[in-house]
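*Asks:* First the structure, which I've put down as structure tokens, then a few questions once you've had a look.
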Amino acid sequence: MTQTPSQRLPSWLKRPLPEGAAYHQTRQLLAELRLDTVCHHARCPNRGECYGQKTATFLLLGPICTRQCRFCSVSKGKAQPPDPTEPTRVAEAVRRMGLQHVVLTMVTRDDLPDGGADHLVRTIHAIRAALPQTTVELLISDLAGNWEALEHLLAARPDVLNHNCETVPRLYPEVRSPKADYRRTLELLRRAHRSRPEMPLKTGLMLGLGETTEEVLDTLADLAEAGCSLLTLGQYLQPTPEQTPVVRYLPPEEFERLGRMARSLGFRQAASGPFVRSSYQAHQMLRDCP
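Dropping the structure here:
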């Protein structure tokens, strides 16, 4: 039976409403600098916690995505040209928030020849000019398979590269954009690992979309073989009634078991839990990576 957000959430998926001075200060700073975050646009359940800790995941290249993924609440449509002032504004936010580790993500920009790679590179440079000791994690799209653009990103030497698989191959047609390709995801990860084998390579899956445990483990084996060493596994939550419904809510103990199994497949770090998201506690994951 399909579960929907109109049904009562399990007790382990209830979170307090965001509050506190730090939360409001973070929101005010982001508004002042006109910055988008995936925390806001993807309706992340951890937004209150992260803003309250004066951190956020910056969403670059505007709030409009050119793909139609069915799980995501980020707005879709025709995007505006990249704002050349955004890299400087992000760097200023990082400086004022005092971030030791920053996660930059992006909307998918199939309208741009390089998928937006150069814009991310300029943002990395702006951050490092302001705060040379801050580590930078990129959570990127598949760049439509533009491998020159990928190499351009890697040449900027991010400290972590993340590209999410999102779900198991069987569910790609139901959950992801028609332009998404599981084989392309694996190829991007393999190329990144070959180019920068010393760099932690990260990926993640949403669970609760109808996948089987066997499918999850097969997918994790593919991702480990591609060179991924860091993994996030989290519960998919339907952001609005317009997105793909939840099929199942996994209990915390099942997430713990899958995390142990992922580590047995070769992942050095596997964050697995109902509220785990791609950039949740990212600094700690990098710090604890052996």
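Residues in the sequence shown are numbered from -14 upward in steps of one, following the working numbering. For each residue, glycine too, the CB sits at the ideal point set by N, CA and C.
Quick one, are the C-beta atoms of L174 and A211 less than 9 Å apart?
*Replies:* Position 189 of the sequence shown, counting from 1, holds the residue named residue 174. Position 226 of the sequence shown, counting from 1, holds the residue named residue 211. Yes, they are a contact pair.
*Asks:* With a 10 Å radius around its C-beta and 16 neighbouring C-beta atoms as the bar for buried, classify S264 as buried or exposed.
*Replies:* Working through the sequence shown from its first residue, we reach residue 264 at position 279. S264 comes out buried.
*Asks:* Just reading off the beta strand (DSSP E) that A255 is part of, what are its end residues?
*Replies:* Residue numbering aside, residue 255 sits at position 270 when the sequence shown is read from its first letter. Where A255 is concerned, the enclosing beta strand (DSSP E) stretches over Q254 to S257.
*Asks:* Whole angstroms are fine: how far does the CA of L89 sit from the CA of A102?
*Replies:* Your numbering for residue 102 matches position 117 in the sequence shown. Your numbering for residue 89 matches position 104 in the sequence shown. Roughly 12 Å separates the two Cα atoms.
*Asks:* With A111 and T73 assumed to form a contact (beta carbons below 8 Å), what rounded beta-carbon distance in angstroms separates them?
*Replies:* Residue numbering aside, residue 111 sits at position 126 when the sequence shown is read from its first letter. Residue numbering aside, residue 73 sits at position 88 when the sequence shown is read from its first letter. With a Cβ gap of about 5 Å, A111 and T73 count as contacting.
*Asks:* Within 10 Å of its beta-carbon, does A41 have 16 or more other beta-carbons around it, so buried, or fewer, so exposed?
*Replies:* What you label residue 41 is simply residue 56 of the sequence shown in a count that begins at 1. So A41 counts as buried.
*Asks:* Just verifying my parser: in three-state terms, what is the DSSP assignment at S60?
*Replies:* For the purposes of this step, residue 60 is taken as residue 75 along the sequence shown, with counting starting at 1. Three-state DSSP puts S60 in a strand.
*Asks:* Taking the CB atoms as reference points, tell me whether E133 and D166 lie closer together than 9 Å.
*Replies:* Mapped onto the sequence shown, residue 133 falls at position 148. Mapped onto the sequence shown, residue 166 falls at position 181. Judged by beta-carbon spacing, D166 lies beyond the 9 Å limit of E133, meaning their Cβ atoms are not closer than that value.
*Asks:* Please confirm whether E172 and V145 have their CB atoms less than 9 Å apart.
*Replies:* For this step, residue 172 is matched to residue 187 along the sequence shown. For this step, residue 145 is matched to residue 160 along the sequence shown. Contact: no.
*Asks:* In whole angstroms, give me the CA-to-CA distance for C274 and R248.
*Replies:* Locating residue 274 in the sequence shown gives position 289, where the first residue counts as 1. Locating residue 248 in the sequence shown gives position 263, where the first residue counts as 1. So the alpha carbons of these two residues sit roughly 12 Å apart.
*Asks:* Can you name, in chain order, every residue of its own chain whose Cβ lies under 6 Å from the Cβ of A141, other than the five neighbours on each side?
*Replies:* As a first step, residue 141 is located in the sequence shown; it is residue number 156 there, counting from the start. Cβ within range, chain order: V106 and I109.
*Asks:* V160 lies in the alpha helix (DSSP H); which residues open and close that run?
*Replies:* The residue given as residue 160 occupies position 175 in the sequence shown. Residues Y157 to V160.
*Asks:* Apart from the five residues just before and just after G47, which ones in its own chain have a Cβ nearer than 6 Å to its Cβ?
*Replies:* In the sequence shown, residue 47 corresponds to position 62, counting from 1. Around G47: A64 and Q65.
*Asks:* Secondary structure at Q53, three-state DSSP: helix, strand or coil?
*Replies:* As a first step, residue 53 is located in the sequence shown; it is residue number 68 there, counting from the start. Coil.
*Asks:* Look at the Cβ atom of G219, then the Cβ atom of P259, and state whether they are nearer than 9 Å.
*Replies:* On the sequence shown, residue 219 is found 234 positions in, with the first residue counted as 1. On the sequence shown, residue 259 is found 274 positions in, with the first residue counted as 1. It is a contact, given that the beta carbons lie within the stated cut-off.
*Asks:* In the DSSP assignment, find the alpha helix (DSSP H) that holds T73 and state where it starts and stops.
*Replies:* Here residue 73 refers to the residue found at position 88 of the sequence shown. E71 to M82 is the extent of the alpha helix (DSSP H) around T73.
*Asks:* For H86, does the three-state DSSP call read helix, strand or coil?
*Replies:* Along the sequence shown, read from residue 1 onward, the residue named residue 86 stands at position 101. Strand at H86.
*Asks:* Report, in whole angstroms, the separation of the C-beta atoms of S58 and Q266, which I expect to be a contact under 8 Å.
*Replies:* As a working mapping, residue 58 is identified with position 73 in the sequence shown. As a working mapping, residue 266 is identified with position 281 in the sequence shown. Contact doesn't hold; Cβ gap of about 22 Å is too wide.
*Asks:* Cβ atoms of K187 and L156: under 9 Å apart, would you say?
*Replies:* Here residue 156 refers to the residue found at position 171 when the sequence shown is read from its first residue. Here residue 187 refers to the residue found at position 202 when the sequence shown is read from its first residue. Not a contact, by the Cβ cut-off of 9 Å.
*Asks:* Give me the Cβ distance between R0 and P30, rounded to the nearest whole Å; I'm assuming they're in contact under 8 Å.
*Replies:* For the purposes of this step, residue 0 is taken as residue 15 along the sequence shown, with counting starting at 1. For the purposes of this step, residue 30 is taken as residue 45 along the sequence shown, with counting starting at 1. So it is a contact: roughly 6 Å between Cβ atoms.
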